[in-house]
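To keep things clear, I will list the structure first and then write my remarks on it.
Residue numbers (the working numbering), protein chains in the order written: chain X, 1 to 425; chain A, 1 to 328.
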């Protein structure tokens, strides 16, 4: 199968390309950019006039809900929503049911993803067995068969410093990156919103900024001691960004990501108890939001991710604090990120969605380099559309962006040179 | 979806009573004036008016309460409504789904109003967003968020004793952090134009962002009580000791308990209030609770007329005079 993508504007930050070129795809891989290779017979042409052609988006964190919570989503439903959103690689945290702490669970997930065929799925293994924070998981085995690209304790904090140290040491000797959710369990308590003006007004139990920064301070000291490569997930506060930037400046092997919703929403958006704004870590202040955008521009925050958490309707139908946290976020990831092109260059935005997250995961993805798998997103940057939950493809319709006017719509998504989504079909 | 003015109908009339926040001063004064009209009903031979005859009101209490539930029940009965008391074991409805299911079942029995107390902040808003268009919701306390009828009965009591809100200094003492009563009182006092509101307590039970609510924070009772016109004491919950918020009731009484001696720092004609039930010897000394400056029992009595006002306004039948005129 030989495909030509014609007349598109190519943005490939890894290769420093931002120009109008044709792309030639052969046998699922990028064959050439610009000039048609000799002997290349075109079987199919995709007209990308007026569109941007970028590497398929690599989403650092998305929950597909399978196995364990198929009432909220399945691998098939969520990977299709991903394909329609230009996402070609999804990284799954280990908090499925059962937990990803054995090779059989990972094999099941990969098998289901392959059957669905809409997006590539990579997995993080559990850092501790059952995510219980007590015993190490079999992380060497999880890595050995190429099944897990990193380890994480997902949203479960490890309060015991010694266990955290051991887990980091063991991960370091396995050559695995540790993905950290920075939360001090005691300080976060039963909180459900940022401890600040809004939680005070609404009488909601607060999660103070120190719940995040205290955990980061501890983790940074242990990272320095153990030498493990570490990645901080969904950083939410200005102070946290400062601490991470300082550590990077000091040469620690540390990266970090931010979610698209933390870049666009603040505690104010909770309004009068909008449970779609119940998210972990909580939406913080305007000052924090600005700092997150700034850090994304400077590169101290390396990647933007969806932190996709689809929920069934009932999960959000309760008083705020009793609802499940999380946002169904695959379908807003690209357009919300494109909105940031005022604060950083378009090329930087695309970089933080593709090449940077691929580097963090250590996988071959996120570029249009010749010879690489042809995972490609083609979107029209000028299409305006209104976000309506009833039109969502994810099984979870829990979005705080209902009614937002967004710009940028995916027209085609290719996975290994095969069209897995097309707006025209 | 954000429902900022969910409390008001399209004509700006009270439809639900969920929080004081966002209501105009005139609305609060209307509630107080209506309550004033109702206050005589309790002194009559027949303690009833037929304003809500034929209406069904369900008291939905997800949290234990004696005083609030009883006064709501009395208020509804004095308005001639039919009252349904439903006490729900909280463990049986930990899921929103069953909460909504229960509401819809009660709606199917043609209930006109829910009076709701719930342990989660935002519960009353949540319920108000999901009831049928003809049903009203009154918040009888949701988590640490709001308790608007309590705040209004407190305003009623203050107005009885201190005519002009715009000349008052009011101190609220105790656990502001967990108090829905304090939050609603602060909104009401600010809306009614009270120039100085103080909150007094140790830092552990005063939110860091308390100043955002429009109050001055004091950690020293002796400073905080200087020259105040109204002292509102809050109930101290026993479980606060377990969470390392306070060392002991003994120490709390020494530092923040209202004694006759400390009360002398306030103005000579200051009134002492408490939403009840009181912990004697913890937040307040018995001689003060039962003393000449205490209006604590008056608050309870006023609770009935204020709740009559809120219920009848939300059901669109607030005018006692109109009703009685039409009957004569």
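Here a beta-carbon is modelled for each residue, glycine too, at the ideal position from N, C-alpha and C.
For my contact list, residue i and residue j are in at a C-beta cut-off of 8 Å; report their separation, rounded to the angstrom.
| i | j | result |
| --- | --- | --- |
| residue 149 of chain A | residue 17 of chain A | 7 Å |
| residue 246 of chain A | residue 240 of chain A | 5 Å |
| residue 138 of chain A | residue 309 of chain A | About 11 Å separates the two Cβ atoms, so there is no contact after all. |
Give the straight-line distance between the Cα atoms of residue i and residue j, rounded to the nearest whole angstrom.
| i | j | result |
| --- | --- | --- |
| residue 41 of chain A | residue 294 of chain A | 24 Å |
| residue 91 of chain A | residue 64 of chain A | Residue placement at residue 91 of chain A cannot be trusted, given a pLDDT of 49 that sits under 50; the coordinates are not used to answer. |
| residue 179 of chain X | residue 66 of chain X | 21 Å |
| residue 282 of chain X | residue 265 of chain X | 10 Å |
| residue 132 of chain X | residue 220 of chain A | 44 Å |
| residue 162 of chain X | residue 295 of chain X | 31 Å |
| residue 378 of chain X | residue 181 of chain A | 55 Å |
| residue 1 of chain X | residue 366 of chain X | 22 Å |
| residue 413 of chain X | residue 242 of chain A | 56 Å |
| residue 27 of chain A | residue 36 of chain A | 14 Å |
| residue 28 of chain X | residue 374 of chain X | 6 Å |
| residue 110 of chain X | residue 5 of chain A | 49 Å |
| residue 393 of chain X | residue 63 of chain X | 15 Å |
| residue 349 of chain X | residue 55 of chain X | 12 Å |
| residue 129 of chain A | residue 122 of chain A | 11 Å |
| residue 223 of chain X | residue 305 of chain X | 23 Å |
| residue 398 of chain X | residue 326 of chain X | 8 Å |
| residue 220 of chain X | residue 167 of chain X | 14 Å |
| residue 253 of chain A | residue 296 of chain A | 19 Å |
| residue 24 of chain A | residue 192 of chain A | 9 Å |
| residue 154 of chain A | residue 102 of chain A | 32 Å |
| residue 25 of chain X | residue 176 of chain X | 33 Å |
| residue 171 of chain X | residue 280 of chain A | 58 Å |
Using the DSSP secondary-structure output, state which residues sit across from residue i in a beta bridge.
| i | result |
| --- | --- |
| residue 409 of chain X | X:380 |
| residue 273 of chain X | Paired residues: none, contrary to the question. |
| residue 24 of chain X | X:4 and X:32 |
| residue 185 of chain A | In DSSP, residue 185 of chain A forms no bridge with anything. |
| residue 111 of chain X | Note: residue 111 of chain X sits in no beta bridge, so no partner. |
| residue 148 of chain X | X:123 |
| residue 113 of chain A | A:57 and A:136 |
| residue 136 of chain X | X:128 |
Could you spell out where the alpha helix (DSSP H) holding residue i opens and where it closes?
| i | result |
| --- | --- |
| residue 51 of chain X | First-last for residue 51 of chain X: undefined, no H or E at that position. |
| residue 33 of chain A | 25-38 |
| residue 250 of chain A | 249-256 |
| residue 287 of chain X | 286-298 |
| residue 288 of chain A | 286-289 |
| residue 361 of chain X | 355-361 |
| residue 222 of chain X | 209-226 |
Give a yes or no on whether the minimum CB-CB distance between residue i and chain A is below 9 Å.
| i | result |
| --- | --- |
| residue 201 of chain X | yes |
| residue 317 of chain X | yes |
| residue 205 of chain X | yes |
| residue 320 of chain X | yes |
| residue 195 of chain X | yes |
| residue 273 of chain X | yes |
Hey, does residue i have any beta-carbon neighbour from chain X nearer than 9 Å?
| i | result |
| --- | --- |
| residue 21 of chain A | yes |
| residue 146 of chain A | yes |
| residue 16 of chain A | no |
| residue 121 of chain A | yes |
| residue 2 of chain A | With a pLDDT of 45 at residue 2 of chain A, under the threshold of 50, the modelled position of that residue is not reliable, and the figure given next carries that caveat. Taking Cβ atoms only, chain X reaches closer than 9 Å to residue 2 of chain A, which makes this a yes. |
| residue 105 of chain A | no |
| residue 210 of chain A | yes |
| residue 202 of chain A | no |
| residue 91 of chain A | With a pLDDT of 49 at residue 91 of chain A, under the threshold of 50, the modelled position of that residue is not reliable, and the figure given next carries that caveat. Residue 91 of chain A does not count as touching chain X. |
| residue 8 of chain A | no |
| residue 328 of chain A | Note that residue 328 of chain A scores 46 on pLDDT, short of 50, meaning its location in the model is unreliable and no value can be drawn from it. |
| residue 274 of chain A | no |
| residue 133 of chain A | no |
| residue 12 of chain A | no |
| residue 219 of chain A | no |
What is the residue span of the beta strand (DSSP E) that residue i lies within?
| i | result |
| --- | --- |
| residue 87 of chain X | 87-92 |
| residue 418 of chain X | 418-422 |
| residue 306 of chain A | First-last for residue 306 of chain A: 296-314, but that is the alpha helix (DSSP H), not the beta strand (DSSP E). |
| residue 126 of chain A | Here residue 126 of chain A belongs to no beta strand (DSSP E); instead the alpha helix (DSSP H) covers 123-130. |
| residue 72 of chain A | Segment 67-78 is the alpha helix (DSSP H) holding residue 72 of chain A; no beta strand (DSSP E) there. |
| residue 171 of chain A | 169-173 |
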